[in-house]
Amino acid sequence: MKKILVVALAVALVTGAASPTFAAPVAAVSQQKDSIGVDTKVEPLKFGSKAWNKLPMEDRQLLTQLKTVKETFEKHARAIWSDNFRPDRTPMIFGNAPDVFELPTHALAINVKPAGGVKLDLPKELGFEVYRTVDEGVLEKIKSNGPFGFEWHEDGTTGPWLLSYGTGHSVTDPDTWIASRIHVHELFHSHQAVFKNLREHMEQGKYPRGPVEAHALSLVQDELLAKADTGQIDARDALTKWAALQEKRFALNPKLKDFDQTEEILEGSARYVEDEFVKAAGQTHNHATKPDSDKPIDLFWWLAGNRHYQYGAAAGRLLDKVTRSQDWRAEMENGKSFFDIARAELFKDTSIDVCVRTAMIAAQREYDLESKKAMIERADLPSLDIPIGDEASRPMRFSQRS
Ligand SMILES: [Zn+2]
Numbered sequence: 000m001k002k003i004l005v006v007a008l009a010v011a012l013v014t015g016a017a018s019p020t021f022a023a024p025v026a027a028v029s030q031q032k033d034s035i036g037v038d039t040k041v042e043p044l045k046f047g048s049k050a051w052n053k054l055p056m057e058d059r060q061l062l063t064q065l066k067t068v069k070e071t072f073e074k075h076a077r078a079i080w081s082d083n084f085r086p087d088r089t090p091m092i093f094g095n096a097p098d099v100f101e102l103p104t105h106a107l108a109i110n111v112k113p114a115g116g117v118k119l120d121l122p123k124e125l126g127f128e129v130y131r132t133v134d135e136g137v138l139e140k141i142k143s144n145g146p147f148g149f150e151w152h153e154d155g156t157t158g159p160w161l162l163s164y165g166t167g168h169s170v171t172d173p174d175t176w177i178a179s180r181i182h183v184h185e186l187f188h189s190h191q192a193v194f195k196n197l198r199e200h201m202e203q204g205k206y207p208r209g210p211v212e213a214h215a216l217s218l219v220q221d222e223l224l225a226k227a228d229t230g231q232i233d234a235r236d237a238l239t240k241w242a243a244l245q246e247k248r249f250a251l252n253p254k255l256k257d258f259d260q261t262e263e264i265l266e267g268s269a270r271y272v273e274d275e276f277v278k279a280a281g282q283t284h285n286h287a288t289k290p291d292s293d294k295p296i297d298l299f300w301w302l303a304g305n306r307h308y309q310y311g312a313a314a315g316r317l318l319d320k321v322t323r324s325q326d327w328r329a330e331m332e333n334g335k336s337f338f339d340i341a342r343a344e345l346f347k348d349t350s351i352d353v354c355v356r357t358a359m360i361a362a363q364r365e366y367d368l369e370s371k372k373a374m375i376e377r378a379d380l381p382s383l384d385i386p387i388g389d390e391a392s393r394p395m396r397f398s399q400r401s
């Protein structure tokens with residue numbers, strides 16, 4: 000049960016990697032980094048240092064990824080989100096554990112000296128100091144804290160960010176580059192504490208099952224944003240149509256609104272930041288832009304959860320292009336969703352009704368709304384049996400890494 004939870008937590012944040020639909024739209028930093036994707040093995044940095052070479056492989060891989068995070072945020076924090084989101088400066092303790100809920104054998108810490116911490120004699124070129132500890136209290140805290148999260152105190156305050164890593168048990172393992180993306184994504188969730196009126200996650204199993212047209216329009220929107228995101232169609236026009244179709248969907252079923260807005264803020268912004276980090280580091284991001292298949296379960300989890308990551312991140316990139324500013328990020332911190340921001344920006348000159356009509360015509364003529372409706376109809380989502388509240392009922396999220 001606990002293991003399932005780990006995966007649920009971890010992949011809920013993930014990153015997704017199913018299809019290489021997106022190429023990084025910014026120039027890659029170097030030829031070598033150009034090929035770094037989520038599953039790329041981490042080659043540890045090479046130093047002629049005894050202390051470095053004595054470290055276990057996974058420790059060197061972890062520190063190699065942390066160096067990339069640090070250098071990327073030092074140069075690009077504002078471009079990624081703002082000067083106030085600095086995962087490179089967060090006090091963090093990483094436990095090297097055989098499994099996430101087992102006691103780590105030791106822990107490495109940066110930006111903080113933990114109890115029992117001994118500074119490692121590592122090369123200056125690494126760029127930061129690293130402490131190693133085997134203090135039982137520290138190791139126990141990491142174990143009881145689960146895969147990651149801030150150390151929690153009973154008086155409501157928090158301590159350093161704690162994370163458990165090892166070999167082969169979790170997406171937080173540092174052997175592939177996905178770990179640093181998850182790390183940034185997760186730390187952004189903690190940054191979201193500054194967001195006004197932030198709501199808790201909705202229960203995805205309770206996502207509205209209909210009506211058919213509202214869900215078919217979701218698939219139209221996904222196609223629309225994916226095309227605009229890769230520069231195939233005009234960003235402003237696509238974002239306007241996307242927002243107009245949101246209006247239409249929310250009119251078709253008002254319950255969709257709370258759900259979509261909550262999830263697009265929480266996961267869309269975190270995925271946006273994760274992707275911006277990946278781009279700034281010169282790596283590639285490649286996420287699924289549509290359901291894995293037209294099987295009812297795949298369709299449902301896409302509609303109820305996974306698409307919010309993707310469309311939120313794409314909407315953020317389109318807002319960057321359309322507004323040519325980052326002001327929307329401050330608006331989001333003030334409690335606005337991507338939809339609120341796009342609507343305020345784009346519906347200034349034309350009535351919403353006209354925008355909705357235009358978008359619906361495009362949905363029918365250019366995005367084959369009728370066949371999408373037929374696909375949703377066939378899936379018969381109202382009859383789909385999903386055990387509510389069971390983490391194991393989110394299979395699609397787990398499959399994102401493959
Ligand atoms: Zn997340």
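Using numbering that gives the first Met the number 0, read the sequence shown as starting at 0 and increasing by one per residue. Glycine included, C-beta positions come from ideal geometry on N, C-alpha and C.
Query: Residue 123 - DSSP class collapsed to helix/strand/coil; Result: helix
Query: Residue 95 in three-state terms, based on DSSP; Result: strand
Query: Rounded C-alpha distance that separates residue 192 from residue 121; Result: 34 Å
Query: As assigned by DSSP and simplified to three states, the class of residue 135; Result: helix
Query: Residue 109 beta carbon less than 9 Å from that of residue 127; Result: yes
Query: heavy atom of ligand 1 below 8 Å from residue 197 C-beta; Result: no
Query: Validate contact between the stretch 317-328 and the stretch 234-241 using beta carbons, cut 8 Å, 3 pairs; Result: yes
Query: Cα-Cα separation, residue 72 to residue 300; Result: 33 Å
Query: The stretch 241-254 in contact with the stretch 270-282 per 3-pair CB rule at 8 Å; Result: no
Query: Buried versus exposed, by CB contacts within 10 Å (16 or more), residue 331; Result: buried
Query: Cα-Cα separation, residue 304 to residue 214; Result: 13 Å
Query: Pairwise C-alpha distance: residue 337 and residue 349; Result: 19 Å
Query: Assigned secondary structure, residue 382 (DSSP; H/G/I helix, E/B strand, else coil); Result: helix
Query: Pairwise C-alpha distance: residue 351 and residue 176; Result: 43 Å
Query: Nearest-angstrom Cα separation, counted from residue 186 out to residue 154; Result: 22 Å
Query: Euclidean distance between Cα positions of residue 68 and residue 82; Result: 14 Å
Query: Residue 310 CB to nearest heavy atom of ligand 1 below 8 Å; Result: no
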